[in-house]
Each structure stands twice: as structure tokens, then as C-alpha cells.
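As C-alpha cells, the structure follows; a few thoughts come after it.
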Amino acid sequence: DCPVIVVTAVSDVNTAVEAMRCGASEFLTKPIDADLLSLTIHRALEQRKLKAESEEIRRQLRERSGEGLRGLLGTSAVMQRICGVARQVADSKATVLITGESGTGKGQLARTIHEISSRSNQPFVSVHCASIPETLLESELFGHEKGAFTGADNRRIGRFEQANGGTLFLDEIGDISPLMQVKLLKVLQEKTIERIGSGETIPIDVRILAATNHDLGAEVRQGHFREDLFYRLNVVAIDMPPLRLRGNDVLALAEHFRERFARDGHKSVRGFTDAARAKLASHRWPGNVRELENCIERAIVLVEGELID
């Protein structure tokens, strides 16, 4: 967000072009004219102000149209509070730790925060840490150079570089090894990475969102998770509630999934019977939103009339 003005005695055109390509807003050569420098600084600050105002207007329009928050369906008090927190943290650079049972929609919340932020036109990159073997996770996150290890036939750009300027979502962060915890902490502190097999330090501008179904506080007390990394991740904590505590949100989500799967399956299914709605409302949904989604998809496939019973 900080405008950069390059002042140099080198008047080479290629240097100027390179500076502008790297993000400089202006390129001035010595000797410096004080009035010109003052004008240049004023212009750079005005451009930054206009950019910030433009991004704020776009964010407000996205919220008013329902875009961005559309993934957080529900009118329950707990979901309204979560939507409020999502709006508050969206444009900050603070790391957000999203906790909750499996299937509660932690990934959808992370994507929503990105979509209503000023980074929404930049990449959203998601990594499921638990699904990647420990030996490959470092390469997945930070990348590697050709020949860095056996099988590294080409240079690989890691997820941090892919997300540069945008958001990196680290799902199931509680499952990473102690060694990866140390390396991730270093990246969060220094805001730089090094590809495996390279000594080059690469600066990164990435907003980190993380999620876990573990109680990381308990993991810290038991010595399974680094305390310093926990506090780096837990700047803003959001706990996604289980579906059984969301009241009528169950029926609202069921209707949403019915419409989606009926449209995708080209089937004319217009709703649920009263008995089906009662069953939906009374079930405990141990698998949370993911279980409900699968249940409605199966119902759409098997239903023979216009109502799901």
C-alpha cells in the first residue's frame, strides 16, 4: 500500500523501466528539484487515497449485492455474528484462525473473507496440509529448484509464491509436523521464503488464513504444537458452530442445496414434504454442513416426484 518513489543519479532508461515494472510510482533523477519532488509525493499520496476509496466502494457493493457473503447462508444469531466478524477482518492483514468440527464450512468462511477483501481480485490459494505427506509439504508450500532433490526435474513455484498479493488458506494446520511448524513460523515472521535448493530470499505479500478441527490451545499445553506459532496464527479467532446449534439454518441450507442439485441434475424438484422438513430439523447432523449437502444430493438423485419425502 506504500507508494515508492525512486530517486537516483542513474538516468538509464532500462533502470527506469525496471523500477516501474517492480511497482515504483515515480522515477526521478538527480539533481532533485524540490518543487517537483513535493508535487510527485503529493500526487503519489492522492493516487493511494483514490485507490483505497475505490476498493472500499467495490467492497460495499459486493456486500450489498450479496456477493462474497453468499457462501455463509443462515439467519441464526451465531452466523450473523460470524458474518459481522468476517466483514471486520476482511481488509486487515491480520492472520485469522478458523476452528470448528469437520464439515462446518471453515473453508467457505476463508473464501468469503477473501472475496469481500481488497485482495479479492488476487489469487486465493488453498492447501490441505493433512493430505500432503510431510516430505512433500515443504516443496508444496515454498517450491523447489530443478535438481534440488531426487525427482525434482523442473523448478516448482510453491503455494506462497502462487498466492503472492492474495490469500493463502492453510487448511488443517494442526496436522503439520514440528519441523514444518518451525519453518512456517520463520516465514510468518520474516515475510520471505526460500525455494528448496536455492539460497535466494523471496519477499512475499500474502494474507494467511488457517483452519483446524483440533483444539490448538490444548495441543500447545501438551507440547504438540508450538506456542509461538499458535499466537502468530491466532490473531483473530473465529469458531464455526456445528450445524446442530444453528436452528433454522438447517432448512435454509437444505433449500439451497435442493435448488443447486436439482438445477445441476435437470430435475423438477420443488421442495420437501412436511415430514421431510421435520426430519431435517430434528437430525443431529454429526457430519455438519457436508453431511447435509450429501444427504440432499442423494435425495435429488433418488426422488421420483416433485417433493422430497
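The opening residue of the sequence shown carries number 1 in our numbering; numbering runs sequentially from there. Glycine included, C-beta positions come from ideal geometry on N, C-alpha and C. Bear in mind the structure is a predicted one, so any value in this text is a computation, not a measurement.
Out of the options, state which residue places its alpha-carbon closest to the alpha-carbon of residue i.
i	options	result
S198	L229, S11, I157, D171	I157
C2	G23, V13, N14	G23
L209	I41, L253, G174, E297	G174
G100	I238, L179, D35	I238
K183	L253, G305, L229, V289	L229
V303	R48, Q162, V269	V269
G287	L188, V78, L243, I116	L243
G165	V89, L73, E26, S117	S117
S102	C295, W285, E194, V301	W285
M79	N248, L37, H224, T167	N248
N129	K267, I296, M180	The displayed chain sequence assigns Cys, not Asn, to residue 129. Ranking K267, I296, M180 by Cα distance to C129 puts M180 first.
Would you say residue i and residue j are within 8 Å of each other, going by their C-beta atoms?
i	j	result
A44	T29	no
I98	F160	no
E172	A148	no
R246	R119	no
S126	G143	no
V301	G265	yes
F257	E306	no
K281	D309	Checking the sequence, you will find Ala at residue 281 rather than Lys. The answer is no: Cβ separation not under 8 Å.
Taking the C-alpha atoms as reference points, what is the distance between residue i and residue j?
i	j	result
E291	I196	39 Å
R226	P133	20 Å
G105	L251	16 Å
A299	E259	12 Å
L185	R232	8 Å
L216	N234	9 Å
E67	S11	Residue confidence is low: E67 scores 45 on pLDDT, short of 50, so the model does not pin down where it sits. Its coordinate-derived value is still stated next. If you take the alpha carbons of E67 and S11, they lie about 47 Å apart.
N121	A52	14 Å
H114	A90	7 Å
V187	T201	11 Å
L72	R111	10 Å
S65	A86	Because S65 sits at a pLDDT of 47, beneath the cut-off of 50, its placement in the model cannot be relied upon, and the point is left open.
In terms of residue numbering, what span does the beta strand (DSSP E) encompassing residue i cover?
i	result
T99	96 to 99
A152	No beta strand (DSSP E) holds A152; DSSP gives it neither H nor E.
Determine the extent of the alpha helix (DSSP H) in which residue i is found, giving its start and end residues.
i	result
T212	Here T212 belongs to no alpha helix (DSSP H); instead the beta strand (DSSP E) covers 207 to 212.
T15	13 to 21
V289	288 to 302
E26	Element bounds for E26: not the alpha helix (DSSP H) but the beta strand (DSSP E), 26 to 29.
I82	77 to 90
V10	No alpha helix (DSSP H) holds V10; DSSP gives it neither H nor E.
Inset, instruction - Could you pull out every unbroken beta strand (DSSP E) segment of at least 3 residues lying fully inside the stretch 169 to 198, listed in chain order? - result: none
Legend entry - Residue ranges of each alpha helix (DSSP H) within the stretch 99 to 135, 4 or longer: 106 to 115
Legend entry - Complete beta strand (DSSP E) runs within the stretch 224 to 274 (minimum length 3 residues, chain order): 236 to 239
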